[in-house]
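Residue numbers (the numbering used here): 1 to 298.
Every residue gets a Cβ at the ideal spot worked out from N, C-alpha and C, and that includes glycine.
Report on one structure; see the data block that follows.
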Amino acid sequence: MKVGLHIPQVGAGASPEAIKGFARAAEEAGFDSLWVFDHVVLPREQRTPYPSSDDGKIGYPHTSDLLEPMVLLSFAAAVTSRIAIGTSVLILPMRQPVLHAKMLATLDRLAGGRLIAGLGTGWWKEEFEVLGVPFERRGRRMDESIELMQALWRDEYVDFHGEFFDCDGWACNPKPVNGRIPIWIGGESPSQLRRVGRYADAWHAGIRTLPHVPELFEVAKEAAAATGRDPSKLLLTLEGAAFLRHDTPEQTAEALAGAARIGVDHAIAILDRREYGEQGEATIRDFGERFLPAIHVL
């Protein structure tokens, strides 16, 4: 099983020096990937509960520094050379797909084909409102965005006419290094799992769905088969699989091993924010040396 880490992205600890040291330490320690998440703005009052926490809160002050994911990934790509980079997840319906097809392909080209596009439909209605995007139609908007982006990455000239987007005979370059960018789709609703089956290389499950992952993954694979895709090629990935701390590495290793036992192909762990900097780099290197080789063969 492959293992990734979230890059420092929130708060004063997400400094250029900390990000550079973190990314290089992760690559040197043998981790497989580096990840960012996506919010553009945070409200004074949160009306929509966060679905991935018990109390509905996002876990950090709304006035915290929160680095933009595409810019942050570009920085991480520039200070590394081998480790994969990805979004976990980019809220695609909030974003203009032609522009982001260009941005993602450019980043993939500059990173030497290391990019993974993790995508989600989003949950924070207020954020959609401030960006002027209809929240209620975000699922169909995401479908169109993926179809248009894939066409722009694939075709010399693109003719696309949908409900939300029109593209008549336009070229978008550069193309991704390998002709396409792998897409992971997060979320566990029936419609989202069907979307995984239609478009994705992987279902990007959340840790809170872990007890139900095997049966939910079957829904995605059935949807893949129904659209003529090979369900055996669909990967299972897991966001927030473990928290990495210097004082509990054995617990982190066991959590990751547990993910591997249910069939997870690629798991993403989160470093305790209190350990950004030299302590965190030491934690990453220690875990890589003591535990990663055994996890990689699971």
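Using the Cβ count rule (16 or more neighbours within 10 Å means buried), how would you classify H212? Exposed: under 16 other Cβ atoms inside 10 Å.
Within the continuous beta strand (DSSP E) that includes F37, where are the two ends? Looking at the DSSP string, F37 is not in any beta strand (DSSP E), and its letter there is neither H nor E.
What are the boundary residues of the alpha helix (DSSP H) that L115 is part of? L115 -> not in any alpha helix (DSSP H); beta strand (DSSP E) instead, spanning L115 to G120.
CA nearest to the CA of K101, picked from L210, T48 and M142: The residue you asked about is not Lys; residue 101 is Ala in the sequence shown. It is M142.
By how many angstroms is the C-alpha of W123 removed from the C-alpha of E156? Between E156 and W123, the C-alpha separation is close to 34 Å.
With burial defined as no fewer than 16 other Cβ atoms inside 10 Å of the residue's Cβ, what is the status of P293: buried or exposed? P293 is exposed by the Cβ-count criterion.
Run of the beta strand (DSSP E) containing A294, from where it starts to where it stops: No beta strand (DSSP E) holds A294; the alpha helix (DSSP H) holding it covers L292 to H296.
Give me the residue from L90, E254 and E28 with the minimum Cα distance to L73. Nearest option by C-alpha distance: L90.
Have a look at I19, A26, A84 and M94 and flag the residue whose alpha-carbon is nearest the alpha-carbon of L107. Ranked by Cα distance from L107, the options I19, A26, A84 and M94 are led by A84.
Given A356, which residues of its chain have a CB within under 7 Å of its CB, disregarding the five upstream and five downstream residues? This structure cannot speak to residue 356, because the chain is shown only from 1 to 298.
When the Cα atoms are used, what is the spatial distance from V219 to V264? Answer to the nearest angstrom: the Cα atoms are 16 Å apart.
By Cβ distance, which residues of its chain are closer than 7 Å to I7, with the 5 residues on each side in sequence left out? Cβ within range, chain order: I19, F22, A23, L34, W35, V36, L72 and A76.
Determine the contact status of A202 and L244, defining contact as a CB-CB distance below 8 Å. No, these two residues do not count as a Cβ contact at 8 Å.
Which class does R200 belong to by DSSP, given the choice of helix, strand or coil? At residue 200 the sequence reads Ala, which differs from the Arg that was named. The answer is coil: DSSP assigns A200 none of H, G, I, E or B.
Based on Cα-Cα distance, which residue from G139, E163 and N173 lies nearest to P190? When C-alpha distances from P190 are compared across G139, E163 and N173, the shortest belongs to G139.
Taking 8 Å as the cut-off, does the region 109-116 touch the region 172-188 (at least 3 CB pairs, one atom from each stretch)? As far as the Cβ criterion goes, the region 172-188 touches the region 109-116, which means the pair count is three or higher.
Go to D166, then tell me how far its alpha helix (DSSP H) extends in each direction, as first and last residue. Membership of D166 in any alpha helix (DSSP H) is not indicated; the residue belongs instead to the beta strand (DSSP E) covering D166 to W170.
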